[in-house]
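Numbering (my numbering), first residue to last: 4 to 1079.
See below:
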């Protein structure tokens, strides 16, 4: 058959145009052919495997037909390709293919240096009767090297250069196999392709959205990601903004080294944006270009070198913003690829562009108020009652003008000190004043008195405000010299808005194509500056203030309470009827603007302060967007943002609005006090701050003073901050406890449990804490490694307590965990105490299990410098240090179970640190003695800890005390002997007293008898005395016998002075007792 492929010349690969891949039957694997038909204009949404299979099936059919006459040797391969890759259409009668239903492609070079041109249908299985394959142009041959043969070596499939390539502006005419110039209205890149139309995802691209953690079992979460793909939006394609992973892929086979170029906007680092290239073994080829840098102003250009052979291009995004803020999407446009050997036809210019001459390499954009269709050679003007934006494919009717289509501003002050109120149409003007009910522009020229100059400025000989020279200050009226002993406080303060200051600029960024429009976005209005009307409500109104550097009055030390170099404070207000947004961003050294704060909706008049901690050229940017949704016309022009005042301190080359006290010098000038010293108001000299105080207050606010440190802290040597030296003396009722916790000065980290976003992304919060020591230097650091890569290290936040969001590596597939959004939770230590409240910060004890009643928790109180919209006083942190002697070293950290993310209100964070280091040093009050029994004359005293033991380190237990003692047997014998002696003595005493009683009884009886005898004798005496020694043995007769009580009473009778016992006598005639 004429044109059939001869035996031995079978192609080594199956061509697949611009969507290559490896198709194999058994071990056979195809490579990509050189050419591609319309790779920049295919429109099918179906991409990936389905598209590749369709094109490969068509080519396989053509190759199988060509193989039919080449013998049975290649029939198995042909049948394999036909069965696997061709879907086929059975039961239908296929018509003969028309020329418009197929195109030509080349096979790869075979071992003899030949290749074949084959016809490939646009739709596989739609028609039959394709033209026979014919021999194509010769492949390039290169000399054999390194002893690998002699003569010429053919460049094998997919790895060598083609024998020819067309120049830019030309295409390969497959019928004649020659290069022809592109016709007018079309263009070509020669050896490349370009994708600049994104009404839909171009054919050949795979657009996939997946959950990062594909094997976590969250089926619902994975299904939620199916819609989180890249979205085509006309001139560009936009990424997802949620935590799903959106991947845009394109596969291409290059016959020579080439490049891939594209433009992108990457405004928000909360999204991870990576672009990388893999070869057909899925190995990355440009790892250093993987992580993209965020952009600052509009579109940025990116280019990556590509190698010969198969290349798979990946644009991948994942949002890691787990806060309520929705990040801005990544935008990509104008993707161009070079290195393809040829293109088989030219691309028509898209609507809104034109190519006036043949051989064009690119299409030009139609200017405003003109339009063009597809493949245009020139742009057509719009009618007078219609308009068109630059690059439009059609004209739109002009709407009637309204009061939302113009704005007001003020002219500069004239020689008489007056300004004029001016009304202007918003640019571009798309409305018509001629239509019925159209608004007219109000008359301008009303004169009013000019506002005063801004502080630090004054009017000179002319009507313009001039800055006061150094050494002078001004409130806006006149420059005054600073008094002796004072110096000017340099800065910039704008509160009167007659003209835009020279170091400020304004523009408008389109919310549609993100191009800068070169028109003013903010206008001055005397008392404030406000957002003017844009071309669309979705436009960003940009205002930027650039400060070349700062001159702090004293050097900012490393170990200081705050590394503040300067601060900016502005008063603003937003008035909105829909969901407007005001962004405040900061850029350093002309690098990326970092969003600092965002306000949504109407806010009311308020103030915001941002601290600058790096002395560099800094830009402050305010961006206002009325609505993110694009609609024709202006509906929300009355939604505005107003800035009333802006105050920046310590500006290099700034002006002064007041003067502060300083230390006078002999030369008559002033100089700042040395670190750790403050100006004494009485003497005007610098005096060092005493121990226990630190220098409080920033020089930009006036004169710093010495301020006492908080409880449990001390000042460092420079008196720049207060810190805890990892020790504490705690006075409790009846005792003094001493704590030492040096191990906690090294810092520790704690992570929360896994959390999941609504899309199923698994993440956790990670905290790093450093309590004490190091002379107050901050040792805790958290990093943002999302966009770290070529061009700079990761952004690191250093403080006493910091937080970052971690996505584990098993989720992302990265080498390490992804850390993002680091924030500081503690920039200075307020105090260390057992009280639950300090400086307005509360540490609720109920957030954690109760501590021991005899030993309260030690609480560290920190506050950060970052003031946010919900946390107007800055974030705060409390750390409870609790004793547990069994947890040696750093112990364990925990967050409240009620607030698993560490905070219950988003502003104050709470931690519980349980460790042996939190116990007081052991002392004599922490142990007690146990006295043993006396055994064998020996007694032991042992000391043990009080239970529960609530101390660590310090004094050890006293050693065991052993002392001599006497046993129980000895004391028993002593007791018996003593008892016996006492019994004998008592018996003797009883006998003695009995005998003495007998004597007394005798005497008494005898006296009684004598008294009775004398009753009859009147001359007898009433009483008689019985001398001692009389016979005591006379027998007596007793009328009655005395009781024992009577006997004892008698013994106690008084003895007479002469030695006789007195005995009471009773006469018979009288009852009167007489004492004898």
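Positions of the beta carbon are idealized from the N, C-alpha and C atoms, including for glycine.
Only a predicted model underlies this, so the values are computations on that prediction, with no experimental measurement involved.
Per DSSP, cross-strand counterpart(s) of residue i
{"i": "residue 726", "result": "717"}
{"i": "residue 276", "result": "320"}
{"i": "residue 798", "result": "787"}
{"i": "residue 782", "result": "The partner list for residue 782 (beta bridge, DSSP) is empty, contrary to what the question assumes."}
{"i": "residue 363", "result": "190"}
{"i": "residue 645", "result": "533 and 576"}
{"i": "residue 943", "result": "965"}
{"i": "residue 734", "result": "739"}
{"i": "residue 374", "result": "383 and 395"}
{"i": "residue 689", "result": "682"}
{"i": "residue 526", "result": "533"}
{"i": "residue 212", "result": "249"}
{"i": "residue 632", "result": "For residue 632, which the question treats as bridged, DSSP gives no partner whatsoever."}
{"i": "residue 426", "result": "411"}
{"i": "residue 509", "result": "546"}
{"i": "residue 651", "result": "495 and 571"}
{"i": "residue 98", "result": "130"}
{"i": "residue 431", "result": "Its beta-bridge partners do not exist; DSSP assigns none."}
{"i": "residue 450", "result": "423"}
Helix, strand or coil at residue i according to DSSP, with G and I counted as helix
{"i": "residue 840", "result": "strand"}
{"i": "residue 973", "result": "helix"}
{"i": "residue 257", "result": "strand"}
{"i": "residue 227", "result": "helix"}
{"i": "residue 442", "result": "coil"}
{"i": "residue 960", "result": "coil"}
{"i": "residue 896", "result": "strand"}
{"i": "residue 90", "result": "Because residue 90 carries a pLDDT of 43, less than 50, the predicted location of this residue cannot be relied on, and the following value inherits that uncertainty. DSSP places residue 90 in coil when its eight states are reduced to three."}
{"i": "residue 500", "result": "strand"}
{"i": "residue 180", "result": "coil"}
{"i": "residue 997", "result": "helix"}
{"i": "residue 1070", "result": "Residue placement at residue 1070 is poorly supported in this model, since its pLDDT is 46, which falls under 50; the coordinates are not used for a value here."}
{"i": "residue 985", "result": "helix"}
{"i": "residue 1010", "result": "helix"}
{"i": "residue 122", "result": "strand"}
{"i": "residue 769", "result": "strand"}
{"i": "residue 411", "result": "strand"}
{"i": "residue 710", "result": "strand"}
{"i": "residue 437", "result": "coil"}
{"i": "residue 1002", "result": "helix"}
{"i": "residue 546", "result": "strand"}
{"i": "residue 980", "result": "helix"}
{"i": "residue 660", "result": "strand"}
{"i": "residue 348", "result": "coil"}
{"i": "residue 281", "result": "strand"}
{"i": "residue 777", "result": "helix"}
{"i": "residue 556", "result": "coil"}
{"i": "residue 1017", "result": "helix"}
{"i": "residue 207", "result": "coil"}
Distance between beta carbons of residue j and residue i, contact taken as under 8 Å
{"i": "residue 121", "j": "residue 240", "result": "Contact doesn't hold; Cβ gap of about 33 Å is too wide."}
{"i": "residue 786", "j": "residue 799", "result": "5 Å"}
{"i": "residue 349", "j": "residue 103", "result": "Between residue 103 and residue 349 the Cβ distance is about 17 Å, and since that is not below 8 Å, they are no contact."}
{"i": "residue 648", "j": "residue 476", "result": "In fact, because the Cβ distance is near 18 Å, the residues do not count as touching under 8 Å."}
is_contact[residue i, chain D] using C-beta, thresh 8 Å
{"i": "residue 371", "result": "Checking the listed chains, one finds no chain D in this structure; it contains a single protein chain."}
Original post:
Using 8 Å as the threshold, is the segment 640 to 656 in touch with the segment 672 to 684, meaning 3 or more CB pairs across them?
Top reply: no
**OP:** Take every Cβ of the segment 481 to 497, pair it with every Cβ of the segment 657 to 668, and state whether three or more of those distances are shorter than 8 Å.
**Re:** In this structure the segment 481 to 497 touches the segment 657 to 668; the number of beta carbon pairs closer than 8 Å is three or more.
Original post:
Is it a yes or a no for the segment 763 to 778 touching the segment 725 to 734, going by three-plus beta-carbon pairs under 8 Å?
Top reply: yes
Original post:
Does the pairing of the segment 245 to 255 with the segment 197 to 215 give three or more beta-carbon distances under 8 Å?
Top reply: yes
Subject >> Complete runs of the beta strand (DSSP E) confined to the segment 821 to 881 [at least 3 residues] >> reply: 821 to 829, 831 to 836 and 861 to 866
**OP:** State whether the segment 829 to 849 contacts the segment 806 to 814, with contact taken as three or more CB pairs (one from each stretch) at a distance under 8 Å.
**Re:** Inter-segment contact for the segment 829 to 849 and the segment 806 to 814 is absent: fewer than three beta-carbon pairs are separated by less than 8 Å.
**OP:** Decide yes or no for the touch test of the segment 429 to 439 against the segment 447 to 461: beta carbon pairs closer than 8 Å, at least 3 of them.
**Re:** Short answer: they don't touch.
Original post:
Per the contact definition of three or more C-beta pairs closer than 8 Å, is the segment 901 to 910 in contact with the segment 933 to 950?
Top reply: no
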